[in-house]
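One structure is given here, and the rest of the page talks about it.
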């Protein structure tokens, strides 16, 4: 009898922990949205396999940085940050059929080049966002103060 009571208590505890873990994701999203507009944005973390390597996430701007957060994470820190004056848009395109399965519906893929300070060649990145978010992202980039001349 006592064994069943112990098993029942453990099952209730596990169910409560699972419910708390699931409830934490939307609470994290609300907390992240407090510090700036949050929008759905996927990042391609692995380019070794064509069409694969996409991670679902959310992004937000601040004055000088675009911060990207994984969707299924409990971290309050961004997984990737792009400094506004070090990012250049190379191209935007529709996802191919293999990519479309891994992304949010209706997203466009934006090919970026990220240049670090004093870095002659940029690192390529691909991010995916809705057409509306892309318009805001491009406006945010264009509104950046001019870059200092490279010597």
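Numbering (full-length UniProt numbering), first residue to last: 1 to 151. For every residue, glycine included, the Cβ atom is placed at its ideal position computed from N, Cα and C.
Between residue 51 and residue 96, the C-beta spacing is below 8 Å. In the structure shown, the three-state DSSP call for residue 3 is helix. Annotation for residue 52: no alpha helix (DSSP H) segment contains it, and DSSP assigns it neither H nor E.
Around the beta carbon of residue 8, a 10 Å sphere encloses fewer than 16 other beta carbons of the protein chains shown; the residue is thus reported as exposed. Measuring C-alpha to C-alpha distances from residue 56 to each of 128, 116 and 38 identifies 128 as the nearest. Residue pairing by DSSP places residue 68 opposite 59 and 80 in a beta bridge.
Looking at the DSSP output, residue 92 bridges to 110. By the neighbour-count definition (other C-beta atoms within 10 Å, threshold 16), residue 75 is an exposed residue. Look at residue 124 here: in three-state DSSP terms it is strand.
An exposed status is given to residue 139, since fewer than 16 other beta-carbon atoms sit within 10 Å of its beta-carbon.
For residue 42, no alpha helix (DSSP H) run applies; the uninterrupted beta strand (DSSP E) run containing it begins and ends at 38-44, by DSSP. With respect to the 8 Å criterion, residue 87 and residue 114 are classified as neighbours on the basis of their beta carbons.
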